[in-house]
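Asker:
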Amino acid sequence: MTLKTFGFDQFGFLIFSLQWTILLTVIALIGGGLLGFAVALARTAQLKPVRIAAATYIQVIQGIPVLMILFLSYYGLSLAGFELPPLVAAGASMTIYASGYLAEIWRGCIQAVPKQQWEASESLAMTRLQQYRYVILPQAIRISLPPTVGFAVQVVKNTSITSIIGFVELARAGQLINNATFQPFRVFLAVAALYFVVCYPLSQLSRLLERRLHAGSSR
Amino acid sequence: MPEVVVENVHKSFGALEVLKGVSLSVGRGEVFALIGRSGSGKSTLLRCMNGLEKINSGRIEIAGHALGGDAKALRKLRTDVGIVFQSYNLFPHLTVGENIMLAPRIVKDVAKPKAREVAREVLQLVGLSEKFDSYPDQLSGGQQQRVAIARSLAMRPKVMLFDEVTSALDPELTEEVLMVMEQLARDGMTMILVTHEMGFARRVATQTIFMHKGKIWERGPSATLFADPQTPELRQFVKSDVK
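Respectively, the protein sequence lines represent chains A and B. For the first sequence, UniProt numbering begins at 1 and goes up steadily by one. For the second sequence, UniProt numbering begins at 1 and goes up steadily by one.
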């Protein structure tokens with residue numbers, strides 16, 4: 001293989017791989033969001049065993065590196081006879097990882113809604129489901145926007161871990177190009193710049209939402 | 001046939017017994033004022049009446065419902081018993097109109113046009129017709145509290161509970177809320193109010209109950225109770241009220 005230099009084609013490959021990074025992020029946020037939402041509700045449930053189960057889940061997920069979740073779902077499951085394609089293993093791992101954190105973020109947001117809102121809606125004869133749907137969640141979702149968008153930035157960056165199992169997203173693409181060009185400074189600078197281009201607007205959005213939350217009215 | 005019956009109710013928070021055998025009975029259309037120092041158990045007693053606090057023993061019956069049933073029975077009770085809190089507790093993400101219409105719509109399945117009609121009616125009752133589309137944070141404390149009263153009234157309750165509803169308001173705003181409550185009393189609503197407004201209790205309440213150390217210390221028609229307190233504790237309490 002002849003030595004290439006980092007040029008237009010290589011940059012095009014990075015852009016192409018960035019799509020996989022973004023796809024993986026979207027999968028993690030949607031999957032992790034659904035699972036995390038369920039866990040957050042369980043975390044604030046009335047039944048104590050349900051709360052404990054949810055808390056345990058969150059503790060376990062937050063207490064182990066994403067890398068281990070990734071290895072377990074990729075190598076572990078293949079040893080057990082389930083051959084997962086890298087995208088599925090990567091998507092599942094990022095989903096589990098995101099669910100553990102989103103659950104905890106959203107639990108905090110649900111509990112940030114004043115206790116009196118529960119009492120007032122309960123006193124109006126609403127069921128618990130109605131309280132969540134019409135009174136608590138609309139307020140909790142508003143509170144949750146800044147930290148959720150902020151966490152999305154973490155997810156974008158952490159998808160780079162999936163390069164380890166050979167999933168070709170942005171970081172892995174950078175490694176491949178570097179192996180062919182031996183121009184690590186240029187290559188990884190370009191990779192870093194691309195991550196930044198995705199993350200910076202998200203960070204700014206999170207800050208904007210936060211300012212609006214604090215400056216604006218409570219609705 | 002009394003609208004509210006409380007019989008030998010005991011309530012503890014952990015080791016602290018806050019209600020030590022309280023009994024009372026409120027007839028339809030009567031207005032009861034619960035007075036006493038903070039910690040005397042008056043707010044807890046009120047909150048027990050709509051199941052916000054569970055009693056340890058005794059019996060409470062209100063608007064024809066007995067407390068102590070399952071969640072469904074409790075919800076049925078609550079459709080007939082309104083409560084207004086010190087901190088208003090309006091839903092901040094909803095307009096005044098939506099605040100009022102929400103429970104009738106989703107709890108009692110009232111159709112939207114009808115719910116809107118009821119909302120306009122109760123808003124007019126509390127003198128805030130023009131605030132239908134405002135959000136709670138655009139209103140003064142007194143206005144928010146009047147909306148909270150209207151929100152309760154929209155459920156067509158048989159009994160209304162008021163838990164220190166003017167304690168967070170300055171005197172001028174207190175007056176506008178008390179006027180609404182006085183109007184309700186005149187219209188024949190059965191009301192139980194925990195209050196520090198002695199003048200209001202004396203003027204509007206048919207009966208006043210003085211609570212002390214988790215017990216009903218003294219009770220009677222408001223006029224006589226305030227004019228001629230029998231116990232040194234009530235005498236002291238009435239005297240210390242500067243208003």
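Heads up, the beta-carbon is just placed ideally off N, CA and C, and yes, glycines get one too.
1. For the 8 angstroms Cβ check, are there 3 or more pairs between the segment 191-207 of chain B and the segment 25-42 of chain B?
2. Can you tell me whether DSSP reads M189/B as helix, strand or coil?
3. At 7 angstroms on the CB atoms, spell out the chain A contacts of N8/B, in chain order.
4. So, for V5/B: in the same chain, excluding its five sequence neighbours on each side, which residues have a beta-carbon less than 6 angstroms away from its beta-carbon?
5. Using a beta-carbon distance below 7 angstroms, is L234/B in contact with chain A?
6. Please determine if the segment 19-33 of chain A and the segment 156-172 of chain A are in contact, where contact requires at least 3 C-beta pairs separated by less than 8 angstroms.
7. Please confirm if A63/B has its CB atom under 7 angstroms from at least one CB of chain A.
8. Who are the neighbours of A201/B on chain A, taking C-beta pairs under 8 angstroms?
9. Measuring only the C-alpha atoms, how far is E172/B from T166/B?
10. Could you give the distance in angstroms between the alpha-carbon of N8/B and the alpha-carbon of K20/B?
11. Which one of W217/B, R105/B and R78/B has the shortest CA to CA distance from N50/B?
12. My output table needs one value for I209/B: the three-state DSSP class, helix, strand or coil.
13. How about V96/B and K131/B: do their beta carbons lie closer than 7 angstroms?
14. What did DSSP end up calling I64/A once you bin it into helix, strand or coil?
15. By the three-class DSSP mapping on this structure, what secondary structure does D133/B have?
16. What are the start and end residues of each continuous beta strand (DSSP E) run of 3 or more residues lying completely inside the segment 156-189 of chain A, in chain order?
17. When you compare the segment 75-94 of chain A with the segment 4-16 of chain A, are there three or more beta-carbon pairs, one atom per stretch, that lie closer than 8 angstroms?
18. What is the DSSP secondary structure of N50/B, reduced to helix, strand or coil?
19. So what's K11/B in DSSP terms, helix, strand or just coil?
20. So what does DSSP say about L24/A, is it helix, strand or coil?
21. Fully enclosed by the segment 54-102 of chain A, which alpha helix (DSSP H) runs are 4 residues long or longer?
22. At the 7 angstroms Cβ level, is M126/A part of the contact set with chain B, yes or no?
23. Using beta-carbon positions only, say whether I100/B and R151/B come within less than 7 angstroms of one another.
24. Would you verify that the beta carbon of Q116/A is, or is not, closer than 7 angstroms to some beta carbon of chain B?
25. Could you run through the segment 49-83 of chain B and flag, in chain order, every residue whose CB is less than 7 angstroms away from some CB of chain A?
26. Would you identify the three-state DSSP class for I52/A, choosing helix, strand or coil?
27. Measure the Cβ-Cβ separation of S93/A and I69/A and say whether it is below 7 angstroms.
28. Sort Y75/A, E210/A, Q130/A and Y200/A by Cα distance to P146/A and report the nearest one.
29. Please report the straight-line C-alpha distance between S188/B and T224/B, rounded to a whole angstrom.
30. Determine, using beta carbons only, whether S144/A comes closer than 7 angstroms to chain B.
31. Are the CB atoms of E17/B and V159/B nearer to each other than 7 angstroms?
32. Is it buried or exposed for H93/B, if we count other Cβ within 10 angstroms and need 16 for buried?
33. List the endpoints of the continuous beta strand (DSSP E) containing F200/B.
34. Cβ closer than 8 angstroms: which chain A residues qualify as neighbours of M155/B?
35. Against I192/B, what residues of chain A qualify as contacts under a CB-to-CB distance less than 7 angstroms, listed in chain order?
36. Could you work out which residue in V149/A, S163/A, S73/A and T5/A is closest to S203/A when comparing CA atoms only?
Answerer: If we stick to the structure as given:
1. The segment 191-207 of chain B makes contact with the segment 25-42 of chain B: 3 or more CB pairs, one atom from each, lie closer than 8 angstroms.
2. For the purposes of this step, residue 189/B is taken as residue 189 along the second sequence, with counting starting at 1. In this structure, M189/B counts as coil in the three-state DSSP scheme.
3. Mapped onto the second sequence, residue 8/B falls at position 8. In chain order: nothing, as chain A lies at least about 25 angstroms away.
4. The residue labelled residue 5/B in the question sits at position 5 within the second sequence. Once the five neighbours on either side are set aside, the close Cβ partners of V5/B are S25 and E61.
5. For the purposes of this step, residue 234/B is taken as the residue at position 234 of the second sequence. No - not a single Cβ of chain A is within 7 angstroms of the one on L234/B.
6. Result yes; three or more Cβ-Cβ pairs closer than 8 angstroms.
7. For the purposes of this step, residue 63/B is identified with residue 63 of the second sequence, where counting begins at 1. Answer no: the Cβ-Cβ gap between A63/B and chain A never drops below 7 angstroms.
8. Here residue 201/B refers to the residue found at position 201 of the second sequence. By Cβ distance, chain A contributes nothing, its closest Cβ being about 23 angstroms from A201/B, past 8 angstroms.
9. Within the second sequence, numbered from 1, the residue matching residue 172/B stands at position 172. Within the second sequence, numbered from 1, the residue matching residue 166/B stands at position 166. C-alpha separation (whole angstroms): 10 angstroms.
10. Within the second sequence, the letter at position 8 stands for residue 8/B. Within the second sequence, the letter at position 20 stands for residue 20/B. Taking the straight line joining both Cα atoms gives about 8 angstroms.
11. Here residue 50/B refers to the residue found at position 50 of the second sequence. Put simply, of W217/B, R105/B and R78/B the residue whose alpha carbon is nearest the alpha carbon of N50/B is R78/B.
12. Counting from one through the second sequence, the residue named residue 209/B turns up at place 209. Judged by DSSP in its simplified three-state form, I209/B adopts strand.
13. In the second sequence, counting from the first residue as 1, residue 96/B sits at position 96. In the second sequence, counting from the first residue as 1, residue 131/B sits at position 131. One thing to note: V96/B has its Cβ within 7 angstroms of the Cβ of K131/B.
14. Locating residue 64/A in the first sequence gives position 64, counting from the first residue. DSSP places I64/A in coil when its eight states are reduced to three.
15. The count along the second sequence starts at 1 and reaches residue 133/B at position 133. It is coil, neither helix nor strand.
16. Secondary structure in the segment 156-189 of chain A: no beta strand (DSSP E) run of 3 residues or longer lies completely within the stretch.
17. No, the segment 75-94 of chain A does not touch the segment 4-16 of chain A.
18. Within the second sequence, residue 50/B is the residue found at index 50, counting from 1. Here N50/B sits in coil by DSSP.
19. Counting from one through the second sequence, the residue named residue 11/B turns up at place 11. Look at K11/B here: in three-state DSSP terms it is strand.
20. Taking the first residue of the first sequence as 1, we reach residue 24/A at position 24. Of the three classes helix, strand and coil, the one that applies to L24/A here is helix, per DSSP.
21. Listed in chain order, the complete alpha helix (DSSP H) runs (minimum 4 residues) inside the segment 54-102 of chain A are 66-71.
22. Start at 1 with the first residue of the first sequence, and residue 126/A comes out as number 126. At a cut-off of 7 angstroms, the C-beta of M126/A has a neighbouring C-beta in chain B.
23. On the second sequence, position 100 is the one that residue 100/B refers to. On the second sequence, position 151 is the one that residue 151/B refers to. Taking 7 angstroms as the Cβ cut-off, I100/B and R151/B qualify as a contacting pair.
24. Stepping through the first sequence from its first residue, residue 116/A is reached at position 116. Between Q116/A and chain B, the shortest Cβ-Cβ separation is below 7 angstroms.
25. Within the segment 49-83 of chain B, the qualifying residues are N50, L52, R75, R78, T79 and I83.
26. Here residue 52/A is taken as the residue at index 52 of the first sequence, counted from 1. In this structure, I52/A counts as helix in the three-state DSSP scheme.
27. By 1-based counting over the first sequence, the position of residue 93/A is 93. By 1-based counting over the first sequence, the position of residue 69/A is 69. Yes.
28. Residue numbering aside, residue 146/A sits at position 146 when the first sequence is read from its first letter. When only C-alpha atoms are compared, the closest one is E210/A.
29. Your numbering for residue 188/B matches position 188 in the second sequence. Your numbering for residue 224/B matches position 224 in the second sequence. A small fix is needed here, since residue 188/B is Gly in this sequence, not Ser. Taking the straight line joining both Cα atoms gives about 22 angstroms.
30. Counting from 1 along the first sequence, the entry for residue 144/A is found at position 144. Not closer than 7 angstroms to any Cβ of chain B, the Cβ of S144/A fails to qualify, so no.
31. For the purposes of this step, residue 17/B is identified with residue 17 of the second sequence, where counting begins at 1. For the purposes of this step, residue 159/B is identified with residue 159 of the second sequence, where counting begins at 1. Cβ distance not < 7 angstroms, so E17/B and V159/B don't count as in contact.
32. Your numbering for residue 93/B matches position 93 in the second sequence. Buried, since its Cβ has 16 or more Cβ neighbours within 10 Å.
33. As a first step, residue 200/B must be located in the second sequence, where it is residue number 200. Counting along the chain, no beta strand (DSSP E) covers F200/B; the unbroken alpha helix (DSSP H) around it starts and ends at M198 to V204.
34. Within the second sequence, residue 155/B is the residue found at index 155, counting from 1. L124 and A125, listed in chain order.
35. The residue given as residue 192/B occupies position 192 in the second sequence. Within 7 angstroms of the CB of I192/B, no CB atom of chain A is found; the nearest one sits about 14 angstroms away.
36. The count along the first sequence starts at 1 and reaches residue 203/A at position 203. Of the listed residues, the one whose Cα sits closest to S203/A is V149/A.
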